[in-house]
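Numbering (my numbering), first residue to last: 846 to 1139.
A virtual CB, placed ideally from N, CA and C, is assigned to each residue, including glycine.
So the structure is just underneath, and the comments pick up after that.
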Ligand SMILES: C[S@@+](CC[C@H](N)C(=O)[O-])C[C@H]1O[C@@H](n2cnc3c(N)ncnc32)[C@H](O)[C@@H]1O
């Protein structure tokens, strides 16, 4: 099961209380949601969103004891405006985003998110709407691939990897995680491999971000979240790479200049050493919090 990251920090900053309406935009395995439900029961309401239908099933199983509080929605949080309108919810007391993937998604080989597990190169969080990664990778130009790797992976070997992908593609289409991981390993000279990080990490991250349009979704979802917060309500965002963190930081800064938000975390909160040693996945987490001005 996925282990919720920075759970104490989230609860201390989101400050859910009995009767509150809270929106979890990335419900996953409902780790954060379960703790929030404990605080808002018996009269509160929890809206849980996920674009992955399998995640919602798992969340629903993990929330049986709180089912009267919870409404689960299969959608992308970029549609938060419509989701809340449909539910006739005009304002929320707290909104949380815990970005990226759950351990469950990463570890399912057939979802194709990880170079560690041989499987189809899929990478879609929402398998009902987006294009699988193998379709994209086999039709992009070398320049397009290189740009994706540079922009979304901050990969310094972007040009070389793109060249190797095109060369491999001429022999046979790239359809599996193992194929892509092997191509990247050949493209980056072994002396430049990081001791503890797999050479294909940045490439997989970059393609995943593009396939799932994660940057656009984050910008739209955050704007909608801020618009729907009640005065005094808080938005918490946990991100896992610098690109996302920069977007959150800039968005909070812009809204605070306009007098809409008060920034609660001048610097992002990070997990304690104990949490990192207990749950390695938490090591790159950053939590930013802002409050809607009354
Ligand atoms: C890190 S997990 C959340 C884990 C959860 N907080 C927990 O404690 O169990 C992120 C979840 O958000 C979902 N997700 C990511 N981007 C999304 C988006 N734009 N719209 C809806 N769901 C999204 C993923 O499918 C995944 O299930």
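| Item | Value |
| --- | --- |
| Residues sharing a beta bridge with residue 1084, DSSP | 1131 |
| Sequence ranges, alpha helix (DSSP H) only - wholly within the segment 1046 to 1108, length at least 4 | 1046 to 1056, 1059 to 1073, 1087 to 1102 |
| Local conformation of residue 1120 per DSSP, three classes | helix |
| Opposing strand residues paired with residue 1137 [DSSP bridges] | 1106 |
| Beta carbon of residue 1057 nearer than 9 Å to that of residue 971 | yes |
| Buried versus exposed call for residue 1123 [16 or more other C-beta atoms within 10 Å across all chains shown] | exposed |
| Interface flag, residue 1097 vs chain D, CB-CB below 9 Å | Given the protein chain composition of this structure (a single chain), no chain D is represented. |
| Distance cut-off 8 Å: residue 947 Cβ against heavy atoms of ligand 1 | yes |
| CA-to-CA distance, residue 1045 to residue 960, given in whole angstroms | 7 Å |
| Burial state of residue 989, where buried means 16 or more other Cβ atoms lie within 10 Å | exposed |
| Identity of the residues DSSP links to residue 895 by a beta bridge | 919 |
| Assigned exposure category for residue 956 - 16 Cβ within 10 Å defines buried | buried |
| Per DSSP, the bridge partner or partners of residue 890 | 866 |
| Simplified DSSP state of residue 960, which is helix, strand or coil | coil |
| Beta-carbon proximity list for residue 904, same chain, < 8 Å, skipping 5 on both sides | 872, 873, 874, 875, 878, 893, 895, 917 |
| Beta-carbon proximity of residue 921 to residue 1069, cut-off 9 Å | no |
| Three-state secondary structure assigned by DSSP to residue 849 | coil |
| Residues that residue 942 bridges to, as DSSP identifies them | 1082 |
| Pairwise C-alpha distance: residue 926 and residue 1065 | 9 Å |
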